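Asks:
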Amino acid sequence: EQWVYSFGGGSADGNTSMKNLLGGKGANLAEMARLGLPVPPGFTITTAVCTAYYDNGETYPGGLDAEVDAALKAVEAETGKSFGDADNPLLVSVRSGARASMPGMMDTVLNLGLSEITVQGLAKKAGERFAYDSYRRFIQMYSNVVLGVKHDVFEHILDDYKERQDYQLDTEMTADDWKEIIVQYKAAVKKQLGKPFPDDPREQLWGAITAVFGSWMNDRAILYRKLNDIPAEWGTAVNVQSMVFGNMGDTSATGVAFTRDPSTGEKTFYGEFLINAQGEDVVAGIRTPAPISRSRADALGSDEAPLEEAMPKVYEELVEVANTLESHYRDMQDIEFTVEDNKLYMLQTRNGKRTAAAALKIAVDMASEGLINEEEAVLRLMPGQLDQLLHPTIAPDAKRDVIVKGLPASPGAAVGKVVFDSDEAAELAEKGEDVILMRVETSPEDIHGMHAARAIVTSRGGMTSHAAVVARGMGRPCVCGAGTLQIDPAKGVFRSGGREFKKGDVVTIDGAEGEVLVGAIDMVQPDLSGDFGKLMEWADRARRLKVRTNAETPADVETAKNFGAEGIGLCRTEHMFFDAERIPVVRSMILAEDKKGREAALSKLLPMQRGDFAEIFRIMEDRPCTIRLLDPPLHEFLPHSEDEMAEVAKSAGVSVDTLKRQANELHESNPMLGHRGCRLGITYPEIYEMQARAIFEAAVQVAKETGYKPVPEVMIPLVATQKELDILKAKVDATAKAVFSETGTELEYLVGTMIELPRACLQAGKIAESAAFFSFGTNDLTQTTLGISRDDAARFLKAYEEQGIYEKDPFVTLDQTGVGELVQMAAERGRKTRPDIKLGICGEHGGDPASVMFCDSLGLDYVSCSPYRVPIARLAAAHAAL
Ligand code: PEP
Ligand code: MG
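Residues 11 to 892 in UniProt numbering are what the sequence shown lists, from first letter to last.
1) Provide the residue(s) that pair with T763 in DSSP beta bridges, ordered along the chain.
2) Could you compute how far the alpha carbon of K29 sits from the alpha carbon of G36?
3) Closer than 6 Å: is that where the CB of D790 sits relative to any heavy atom of the ligand MG?
4) Spell out a yes or no on whether the stretch 272-287 and the stretch 98-110 are touching, meaning 3 or more CB-CB pairs, one atom from each, closer than 8 Å.
5) Considering just the uninterrupted stretch of the beta strand (DSSP E) at Y234, what are its terminal residues?
6) Helix or strand or just coil, what does DSSP make of N674?
7) Taking C-beta to C-beta, are V104 and V250 nearer than 7 Å?
8) Tell me the rounded alpha-carbon separation between D819 and G394.
9) What alpha helix (DSSP H) runs, 4 residues minimum, are completely inside the stretch 313-337?
10) Using 7 Å as the limit for Cβ to Cβ distance, is Q711 near chain C?
11) So the alpha helix (DSSP H) M630 belongs to, where does it begin and stop?
12) Just reading off the alpha helix (DSSP H) that E213 is part of, what are its end residues?
13) In the DSSP output, what is residue 894 paired with across the bridge?
14) Taking DSSP's pairing of strands, which residues face C635 in a bridge?
15) Quick one, are the C-beta atoms of V163 and A108 less than 7 Å apart?
16) Name, in chain order, the residues that DSSP records as bridge partners for Q358.
17) Are at least three pairs of beta-carbons, each pair with one atom in the stretch 790-803 and one in the stretch 750-769, less than 8 Å apart?
18) Look at the Cβ atom of R390, then the Cβ atom of A373, and state whether they are nearer than 7 Å.
19) Taking the C-alpha atoms as reference points, what is the distance between A81 and A87?
20) Identify whether C852 lies in helix, strand or coil by the three-state DSSP scheme.
21) Starting from the Cα of I851, find the closest Cα among M725, D210, A740, Y280 and give me that residue.
22) Taking Cβ positions, are A465 and A424 nearer each other than 7 Å?
23) By alpha-carbon positions, which one of A746, F573, N25 ends up nearest to T559?
24) Measure the CB-CB distance between T527 and R410 and report whether it falls below 7 Å.
25) Tell me the rounded alpha-carbon separation between G471 and P299.
26) The ligand PEP and R558: does the residue's C-beta get closer than 6 Å to at least one heavy atom of that ligand?
27) Assuming the contact rule is C-beta atoms closer than 8 Å, A267 and A218 should be a hit. Round their C-beta distance to whole Å, please.
28) Which stretch, first to last residue, makes up the alpha helix (DSSP H) that contains E525?
29) Under the criterion of a Cβ to heavy atom distance below 6 Å, does G579 qualify as lining the ligand MN?
30) Smallest Cα separation from P695: which of I600, F750, H461?
31) In the DSSP assignment, find the unbroken alpha helix (DSSP H) run with Q202 in it and report its ends.
32) At 4 residues or longer, and completely inside the stretch 265-301: list those alpha helix (DSSP H) runs for me, N to C.
33) Are three or more beta carbon pairs between the stretch 609-623 and the stretch 669-686 nearer than 8 Å?
34) Which residues mark the beginning and the end of the beta strand (DSSP E) in which Q496 is found?
35) If D344 sits next to K363, beta carbons under 8 Å apart, how far is it from one beta carbon to the other, in whole angstroms?
36) How should residue 5 be labelled, buried or exposed, when 16 other C-beta atoms within 10 angstroms of its C-beta is the threshold for buried?
If you want it as structure tokens, here you go:
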């Protein structure tokens, strides 16, 4: 097995297809070297070494040393420098590089190879001051990352020294000053660790390699993997690469760029850079960088010279490299570069992270440019990302009271209370509060707070600062580099433009404009035409699975139709009874002592229901509508407070005491498994008869009025046996017959059942004799299969997820190996009895991308989900088919 892969000098052992083995960075460095681009030579130690290292009690596989030695020799030959040499020393960077990008999560060491001897060689080449400044930086970084010495140890030494010399800035330090600092730094390390700072470059190299592999298991990397579904088994690779210096003076620079705008997707060369700086300075967001192109500088109103003017030759070459990379990879690239003494070097390229809006625009544009085809374009947008496009932005005519304006780092709008601390953000969010995380800058330690927050604001850092990159990845609106914002955590206030606000004040963030606004501001729905419409049309062309919606109010049904719902998969009729006017009638129906009392209430409900259904049929036109007969967990409808009791008693014309007794009799210890669903129809058939009548009368009415032919699909919930279905279906059929003969109009209709109990899955073959369709109610099916209550699961499911017992919340993502197997079995048994049986799913899982893919693999006819998830399901269904 080959453990080490070299790159540089126009060739490489690896290539871009080897991401699993070489990590993203290593595979793309190899590919860039092959393309003949200016990549500093180096080598990649594979992810397989990481895995072997952890599998074997943190020891390296045999033969690794020899391969590293050989690869290092090759780098020496390519650069003409040698490692540890006094005259012309080779210095290297050591960086992590996993299969998926994990920005800032793992360790990096720069300037490695500097020692008492080699620093002299560097001084000869780049000047004494530069060499000793680099050396002390290296000591600090290596001691921190590899040896675990805290930064402030070094900061104290430097601050003291500057004070004694009466210096204000680091730039006042001379070479001799740095030499003195180095002596003190080394003494501090020795004091703390009981052994000297390593002066042998080879020892340094192995220390750094081990630290990078070790950082795969640090807390923030583990959390990041969890949030991003990255398995621990993947491991990281380690990239060792010859150093180039962007901080050798004003002819040097470092920067990052995107081949298209990662916020909007616009086809403009987009990026930022810093003169006389090292790579980490840009990403860390400590100095605010300048734009690369003139057009971007104008758009931002920046008065710093863009790279285009500061280094026109380099800019030209960079644009050419960017074009080469984009057409080679056929995707938007995120590149890192360094300029050492006017010479351009490429340090990284990868497919750029982007907002959902940018992903959409780039996919559609690239398809129009002919760079990719329509199916590839569909695959470029992740279904889960769509969420960001479907969510509100600030109303264009809303009054804006701007607290501060920064950079538009990640679009979307959000409202919440301001907090200054990530732990606090996480705690409040846990309690259900909407919070906005406001900080000077963010670091990888803030990930949990950023995730918990609705939006992020920073006062420092550019469009590629940590805050900006991470927020875009998470889909959180973000404003960064809001320079006039002063945050004072000690006093619990923030200020800008002479105004002061308190922690906890409500603000609105407009990520697209880069603004922080006073108060909670009106939002508007996003535009679903244009690129969105085009991509969804391509997705629709590709998919087999149909997508319906779970909706009952006219507004929701309308929204779902606009989002492309092809029918209603679940109309929960009990939800139609929740409004203030109806609930007393429903309560008197539930609390009626006899059939007569119930019928009186039902006769009031009939016209209301008929009106509802007519409205739905009108909106859905010829699309199929599945209407579920009443399935109320009774406790949701019973009066609880004294006030409610009094009110219901009054409207039902009984005493409060009688009512209390009745309510008591109806009390259930486990209402989710209680007098619900078809059990209600079995005991009180008149309820289902009323509903069936309302459905058929409404369908006939709308058919007569409009000429559409509604096909009602009447659905019986919570069925466990064929017999239940037979009894209730007979009532529905009889009601249909009666309505058709009364009105002289006959319509097509179906009667089917929900499958939401394990027994129903087992008996699916029999049940299908009576059911024209099955709709899998995977909420209840999950509850009843796992024996975990839907209402009470939240309290302990988190622990189950954390311990990997269930990888994901099974009420969100279908438990494929348990519940999924029952669904599969029921589908097969149902089809065997009735080959043309219609099969769908209407549990929450119908809008979860992974579950949609699974439903497609079972050959279900449709998924049904809440209106906002309809586009997500359409796209997921397309991904499943492609
Ligand atoms: C289900 O159980 O999956 C379902 C859709 O019904 P409800 O959520 O209304 O119980
Ligand atoms: Mg159910």
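For every residue, glycine included, the Cβ atom is placed at its ideal position computed from N, Cα and C.
Model, not experiment: these values are computed from the prediction.
Replies: Considering the structure as presented:
1) I726, F784
2) 7 Å
3) yes
4) no
5) Counting along the chain, Y234 falls outside any beta strand (DSSP E), though it belongs to the alpha helix (DSSP H) covering 229-237.
6) helix
7) yes
8) 16 Å
9) 317-320
10) Note that chain C does not occur in the displayed structure, where there is just one protein chain.
11) 605-630
12) 211-225
13) Missing from the structure shown is residue 894; the chain here goes from 11 to 892 and no further.
14) I578, P722
15) no
16) E346
17) yes
18) yes
19) 10 Å
20) coil
21) M725
22) yes
23) F573
24) Going by the sequence as given, residue 527 is Leu instead of Thr. In this structure, R410 lies closer than 7 Å to L527 by Cβ.
25) 8 Å
26) no
27) In fact, because the Cβ distance is near 27 Å, the residues do not count as touching under 8 Å.
28) Taken as a continuous stretch (DSSP letters only), E525 belongs to no alpha helix (DSSP H), being part of the beta strand (DSSP E) at 525-528.
29) With respect to the ligand MN, the structure offers nothing, as its ligand set consists of the ligand PEP and the ligand MG.
30) I600
31) 185-203
32) 289-293
33) no
34) 496-498
35) 7 Å
36) Past the boundaries of the shown model lies residue 5; the chain is included only from 11 to 892, so the question cannot be answered.
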